[in-house]
Amino acid sequence: MRRNLPPLNSVKAFEAAARQLSFTAAAEELCVTQSAISKQIKQLELYIGEQLFERTPNQLILTDKGSRYLAVISVAMDSIDQATAELKRSDKSRESLRLDMLPSLSSIWLIPRLQQFEHCYPELNVELISGEGIPDFVASEADLAIRCFKQDSAPAKADLLLPERLLLVASAELIKRKPIRQIEDLTQHKLLAQTTRPAMWQTFFQQLNLNPELCDPGIAAQHFFMSLQSVKEGLGIALIPDFLVQSELETGQLVAPLGLSMVSSFGYYLSAPEHKRHQLKVRQFSQWLVDNLARSQIIDRG
């Protein structure tokens, strides 16, 4: 007997949106755009011939029929989810995705988001290794690599993910004790240096017409994840890529004094071995990475 089923992608979109009462949250969960969720739900409503949501400017509300439909399909989708998980547990042949990444990018940014990626692509098993400089895909056997290069000297076959914007950050506790109300107040703080960027503070202070020698030097670290931890501990102020501090700024653990930032000459680049560039798993991670980095960029905190 032929089943009279609605479009299953539309059902998935409805269930996620109805469960969270948010098109935006549903889009993030299903790794699609908000407009795609809206389109799928509209398609489902047309198929059923009933309105499932009441849409207001500030709130998404289920209609009575939408609530009843959610209750039924949730049970069905839970059953599908459970059956799929049981099959996956019996088949351990998940495909490996080996990523060669900068230590700071993987530890600060990627690892907290890996669960979301695995939810979107459960058939992939991520392996993380760290590296710097031009990737050696023969030695690392990596499928993808992410590096930071000066934009005027990046390898020809590396794709720019995003230019680097360095944001001045400090711990909220430090700023309570020693407020930064004007640019001159920066000289009252220790500068946390980056050994791989010896001219970083000099360039930053030149833009502000200040002499960095008026400031006390703080500890110097090789990696941004080290500088970030030092900032959290109140050891000084630092310049850190904006997408690496989004979470701490949102929770209030860190602040961005005066909204000061600087676009550096560096950028973050994605590359893959030529024979792997068009593999499905490589394209899937690349697109997921681009979408999520875009969400992580801080547009303006001035």
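1 is the number of the first residue of the sequence shown in full-length UniProt numbering; add one for each residue after it.
The beta-carbon is built from N, C-alpha and C at its ideal position, and this holds for glycine as well.
Alpha carbons only, please: which of the options is nearest the one belonging to residue i?
i	options	result
Glu141	Val263, Pro273, Ile61 and Leu87	Pro273
Ala17	Thr33, Leu110 and Pro6	Thr33
Glu29	Arg2, Leu114, Leu46 and Leu254	Leu114
Ala139	Pro122, Arg98, Cys120 and Gln222	Arg98
Ser130	Thr203, Glu173, Asp100 and Leu254	Asp100
Phe149	Val169, Arg197, Val126 and Leu128	Arg197
Phe224	Ala294, Val169, His275 and Pro135	Val169
residue 388	His278, Leu102 and His189	Residue 388 falls outside the range modelled here, since the chain spans only 1 to 302, and no answer is possible.
Asn125	Ser104, Glu95, Gly252 and Pro112	Glu95
Gln253	Gln59, Glu15, Leu260 and Ile175	Ile175
Ser67	Thr56, Asn58 and Glu50	Glu50
Gly133	Gln151, Leu102, Ser286 and Glu127	Leu102
Ser74	Arg19, Ser38 and Met226	Arg19
What number of angstroms, rounded off, separates the C-alpha of residue i from the C-alpha of residue j?
i	j	result
Leu235	Lys178	12 Å
Asp300	Asn4	Note on Asp300: pLDDT 38, under 50, position unreliable in the model; the coordinate value appears next. Taking the straight line from one Cα to the other gives about 49 Å.
residue 306	Phe117	Shown here, the chain extends from 1 to 302; a query on residue 306 therefore has no answer.
Ala156	Ala83	46 Å
Leu162	Thr63	42 Å
Leu160	Lys65	47 Å
Met200	Ile146	22 Å
Leu249	Ile48	44 Å
Ala193	Leu293	25 Å
Gly267	Thr203	17 Å
Asp136	His275	14 Å
Glu233	Arg277	41 Å
Glu86	Ser153	49 Å
Thr187	Leu260	14 Å
Ala158	Asp216	38 Å
Thr56	Val255	34 Å
Trp288	Cys31	8 Å
Tyr121	Pro112	16 Å
Pro6	Glu164	45 Å
Leu214	Phe205	10 Å
Leu191	Gln151	25 Å
Leu46	Ser271	43 Å
Gln284	Asp242	25 Å
Glu127	Met226	23 Å
Val72	Glu54	19 Å
Ser286	Arg2	39 Å
Met262	Glu173	24 Å
Ile38	Glu123	Here residue 38 turns out to be Ser, not Ile, going by the sequence shown. For Ser38 and Glu123, the distance between alpha carbons rounds to 27 Å.
His119	Asn58	28 Å
Given a cut-off of 8 Å on the beta-carbon distance, is the pair residue i and residue j in contact?
i	j	result
Ser247	Ala238	no
Val290	Asp143	no
Ser264	Leu166	yes
Leu228	Ile219	no
residue 369	Leu52	Because the chain in this structure spans residues 1 to 302, residue 369 falls outside the shown range and cannot be described.
Leu280	Ser104	no
Leu21	Leu70	no
Gln222	Thr251	no
Ala36	Ala27	yes
DSSP beta-bridge partners for residue i?
i	result
Ser130	Met101
Phe149	Gly267
Pro112	Paired residues: none, contrary to the question.
Ala221	Gln194
Arg165	Val263
Leu249	According to DSSP, which records beta bridges pairwise, Leu249 is partnered with nothing at all.
Asp159	Leu270
Ser171	Leu254
Pro241	Leu166
Ile61	Glu54
Asp216	Lys190
Glu95	Leu124
Leu144	Leu99
At the 8 Å Cβ level, is residue i part of the contact set with chain D, yes or no?
i	result
Leu249	Any reference to chain D falls outside this structure, which holds one protein chain only.
*Are the stretch 206-214 and the stretch 182-198 touching, with three or more C-beta to C-beta distances below 8 Å?*
Yes, the stretch 206-214 touches the stretch 182-198.
*How about the stretch 108-122 and the stretch 63-83: do they share at least three Cβ pairs that are nearer than 8 Å?*
No: the two stretches stay apart, fewer than three of their Cβ pairs being nearer than 8 Å.
_Using 8 Å as the cut-off, can you tell me whether the stretch 37-48 makes contact with the stretch 6-14, which would need three or more C-beta pairs spanning the two stretches below that distance?_
Enough Cβ pairs lie closer than 8 Å, so yes.
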